[in-house]
Amino acid sequence: MNEHSLRRPWVRLLPGLLLCAAAASAASVGAAPDGVAVLDQGWHFRLLPGHDQLAAHPEAAPWRAAAVPGTVHTDLLAHGLIADPFVGAPEAGLQWIGLADWEYSTRFDAPPHALDSPRSDLVFEGLDTFAEVYLNGNKLLDADNAFRRWRVPVQGKLRAQGNELRIVFRSPINRLLPGVQAMTHKIAGNYPSPFGDEPRDAMTGNFVRKPGYHYGWDWGPRYVTAGISGQVMLQSWRAVRVEHLQLRQDRVDAARADLVALLTASAVRAGAFELRLWQIAPDGRRSLAAQQRVHWHAGDNRAELPLQIANPRRWFPNGYGEQPLYRFELEVTEGKAVVARHATRTGLRSVELRRDADSTGRSFHFVINGIPVFAKGANTIPFDMFQPRVTRAQLRRVLQSARDAHMNMVRSWGGGYYESDAFFEIADELGLLVWQDFMFGGGMQPAFDDAFRASVVAEARDQVRRLRNHPSIVLWCGNNEEEIAWKYWGHGKTLKAADAAFAERVWQGYVQLFDRDLRQVVAEEGGGIAYWPSSPGDDMAEDANVVASGDMHYWDVWGGPAHPVTQYLAVTPRFMSEYGLQAWPVQRTLDAFAPRHEQGIHAPVIRAHQKFLAGEGNERLLHYIRMEFGDPASFDDFVYLSQVMQAEGIGLAASHHRASRPYTMGSLYWQLNDVWPGASWSSIDWFGRWKALHFHARRFFAPVALTALRSAAGHTSVSLLNDRTQTVRGEWRLRLMALDGRVLRDERRRVDLAPLSAATVATYVDADLLGDRDPAATVAVFDLHVEGEPASRSVVYFVPARQVAWQARGLSASLRADDGGHALEIAATTLARAVWIDFGDLDAELSDNALTLLPGERATLRVNSTASTAALRAALRIRSLADALSAGAPAKKDAPAP
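Counting with mature numbering (1 follows the signal peptide of the UniProt record, and there is no 0), you get residues -26 to -1, 1 to 872 for the letters of the sequence shown.
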């Protein structure tokens, strides 16, 4: 785990600084190059005068300083007008915010170039969502899509001083509710509100182009916010404005890269211009890549500049090579003057989604630079309930953690928002492939409405054009789970029974949007990247979410029938794009939103931060904990065992997927990150702290690994996995071992692992391994050692952990300071499963955790912390599964500090 400073609890805007920044009645605009002024100063906000929410909330009536970009919730929080939305259980009391209309305003002086330029536009990179924009009292825009970039001409409408820019945000619930209630038959929504802000039978969220998770999800709260979610800019130009510069990659191989630079530009007047495209190679060398003279008319123009790069440095996913990036800078000159500039960055690679037919169906896998890549990774959700406060450092921390766990792909899920440029820039740098959903997260959309569909198409063009040069993006997907919801969850059947004609209209609207409109946008704008209509799906085949073809979501473990985790071994898909198990975050994260005396499995604050089954999710967690571990003795044990269960269960599934290569070619668990601190399926919590699952993922996603998978029927299959592009040679070993360390059987075998392969090297039934030995006191330990690769281990247990004859505590630890940090040495005298180390309230990051140590083994871990050695020793806590499950053990079972 790389060292980063932890994100501090409850990142707040500072009211004093805000008020100082907004003190001037006419703020100066922020400076930016090429005739762009950023309007991020002097903003104020208030609840719209005359609104019926004012009677209950008069404190929101006065003008107060606002942050732009920002949200209503964070602005209210900055002034102490609401409780922290993440601390305690304030959610029900904050729903009025989403029912109110809000007003934002600033005053600015126009820079001289904006007054004397023939063209000036106001540009809004994000307005959430129903926004009326006024300049000097004149309405400029009625925005209705939070995912669009809005551009409005304002030449001739600007004053030299004292321009007033005013934006009114209307409540999306109040705006849409009358129309939804008037529908004879409703289309399915997602999560009904438990708070009374809208009727449970008339959900509005799927009728608006706004982040769906704002309306609540099973891992996050319901905060229907509003605000200026992106930058506001005043852009002026005299001759030419470059709108887009796309680097289309027609052919990329080791010998050469054939590219076409596609340019769109707006010219103020007709004229002759010269285009120069400069290339800055990864090593910093600058050269002229292409040059062209053009004659443009007034208005929109296009140009194509072919270029070729010999022996390109190609971009590879993490684990397959380096991630060199090329920068391209365009200059538009008229005579000797440069009248416009534009720059972009990309990586050179070939990419293909391969769908080869075979005897059972069709494959689903990605081929990058000719290499069939097994996709290892997780799904990402929004990084915060309030998007504008997500920082680049926060994104870097989580995505670097994904790379550190040997992931090569993330799926950016469709119920949130299109991530920032920073997200994709970091993914490019880290070699993380991105499966990008369009922002449709569930339910059914009113795609039968032409205006709704037109808005989505405009949104899609905006986003594909913004992101298409990123080498990380390898797939555009229409939506998340809407096709299977219609076909299998009763959405379609229920509506057909009520009104067959309307149901057919709804479905044909769906087909038009997701099979035709968005497919066409990606074909026209995406530069050759594949399109996939829905996840899970099979490219609009009649059957979806099947093992034989396409991608699959599997939730019969955890969801639905809540099968045991061994059921993962019975499902072998082509590409598993969702599966998951829940767990609570570490104790320090819990303490950030609930004091210890308010923590308990059924405590109100804990239930408020458990969104699965409307707060009943802990019962599902207990179901899985009990199957393997029995009843936890305390809430502390419950939290710890939830992480052990999650890590081991997801490891079983991911290892099975990898062992099924090449039939299965992807394993993306749900989910990587969190939107707030609470119970969820994540492996990294909202603060960026790793759960046990993420430490396990670094092992089960290792490029070269061994996995031993035991089914519920007592069959163990041993597979060797090699994601390297070359053969590797090593040794795998089987030891049958008693819990006290006595070795009962020891076998070693030399082996060659073919490149890009999974090979089963042994299969056993329990009797083959155990003979007549006690299954509750015996384990099978499988190890793989390959020079230059981390050692890989898989331990097979023959009975559930609750039945194992655990030995008395056999762990000891010593901590010492050394160069640049601390070293922690742990030793085990008996088998220590699920060893977890933490340092209480101290900021400390460990190089490894969630360990299993065999009797007699020692492990030395790095500890990165600014705390002193003495403080770390005093705070050190170590536990193992034996502590949580040993009969008669005290409720607090942490190792004493040495």
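Glycine included, every Cβ here is placed at the ideal spot set by N, Cα and C.
{"Item": "Distance between LEU236 and GLU318 (C-alpha atoms, nearest Å)", "Value": "It is Thr, not Glu, that sits at residue 318 in the sequence shown. Straight-line Cα distance between these residues: approximately 12 Å."}
{"Item": "Strand pairing of ASN454, partner residues [DSSP]", "Value": "SER509"}
{"Item": "DSSP-derived helix/strand/coil call for ALA421", "Value": "coil"}
{"Item": "Residue 875 and VAL206 closer than 8 Å at C-beta", "Value": "Nothing about residue 875 can be reported from this structure: the residues present for the chain run from -26 to 872 only."}
{"Item": "Inter-residue Cα distance where the pair is ALA566 and GLN220", "Value": "45 Å"}
{"Item": "LEU855 to ARG490 span [Cα, whole Å]", "Value": "53 Å"}
{"Item": "For ASP232: DSSP bridge partner residues", "Value": "ARG225 and GLN282"}
{"Item": "Nearest-angstrom Cβ-Cβ length linking GLY704 and HIS759, presumed shorter than 8 Å", "Value": "5 Å"}
{"Item": "Coil, strand or helix - ARG287 by DSSP", "Value": "coil"}
{"Item": "Buried/exposed call for VAL3, threshold 16 Cβ in 10 Å", "Value": "Residue placement at VAL3 is poorly supported in this model, since its pLDDT is 40, which falls under 50; the coordinates still yield a value, given next. Counting Cβ neighbours within 10 Å, VAL3 comes out buried, since at least 16 surround it."}
{"Item": "C-alpha gap between ARG767 and ILE624, whole angstroms", "Value": "16 Å"}
{"Item": "Cβ neighbour criterion (16 or more within 10 Å) applied to HIS668", "Value": "buried"}
{"Item": "Residue range of the beta strand (DSSP E) that includes LYS113", "Value": "112 to 117"}
{"Item": "Enclosing beta strand (DSSP E) for VAL702 [first to last residue]", "Value": "702 to 712"}
{"Item": "Inter-residue spacing [alpha-carbon to alpha-carbon] between GLU761 and VAL678", "Value": "10 Å"}
{"Item": "Nearest-angstrom Cα separation, counted from ARG215 out to GLY389", "Value": "34 Å"}
{"Item": "Rounded Cβ spacing between LEU322 and ARG301 (contact assumed at less than 8 Å)", "Value": "LEU322 to ARG301, Cβ: 12 Å. No contact."}
{"Item": "Inter-residue CB distance, ASP274 and LYS184 (contact presumed, cutoff 8 Å)", "Value": "Not a contact, Cβ separation roughly 29 Å."}
{"Item": "Buried or exposed by the 16-neighbour rule on C-beta atoms within 10 Å, applied to GLY258", "Value": "exposed"}
{"Item": "Whole-number beta carbon distance between ASP648 and TRP664, since they are thought to touch under 8 Å", "Value": "Actually they do not touch by this definition, with Cβ atoms about 12 Å apart."}
{"Item": "Three-way DSSP call (helix, strand, coil) for residue 900 in this model", "Value": "No information on residue 900 is available, as it lies outside the stretch -26 to 872 that the chain covers here."}
{"Item": "4 or more residues per run - each alpha helix (DSSP H) lying fully within the stretch 641 to 685", "Value": "666 to 674"}
{"Item": "Buried versus exposed, by CB contacts within 10 Å (16 or more), GLU65", "Value": "buried"}
{"Item": "For TYR528, three-class secondary structure by DSSP", "Value": "coil"}
{"Item": "Simplified DSSP assignment, three categories, for VAL325", "Value": "strand"}
{"Item": "Proximity to ALA728 [Cα-Cα], best of ARG672, ALA775 and PRO636", "Value": "PRO636"}
{"Item": "Enclosing beta strand (DSSP E) for GLU77 [first to last residue]", "Value": "76 to 82"}
{"Item": "Simplified DSSP assignment, three categories, for HIS759", "Value": "strand"}
{"Item": "Cross-strand partners of TYR738 (DSSP beta bridge)", "Value": "THR690"}
{"Item": "Local conformation of VAL438 per DSSP, three classes", "Value": "helix"}
{"Item": "Inter-residue spacing [alpha-carbon to alpha-carbon] between GLN620 and ALA228", "Value": "42 Å"}
{"Item": "Span of the beta strand (DSSP E) around GLU831", "Value": "Segment: none, GLU831 is in no beta strand (DSSP E) and carries neither H nor E."}
{"Item": "CA-to-CA distance, PHE414 to ALA428, given in whole angstroms", "Value": "15 Å"}
{"Item": "DSSP state of PHE98 mapped onto helix, strand, coil", "Value": "strand"}
{"Item": "Presumed contact (8 Å Cβ cut-off) between ALA588 and PRO168, rounded CB distance", "Value": "6 Å"}
{"Item": "Euclidean distance between Cα positions of ALA732 and VAL408", "Value": "24 Å"}
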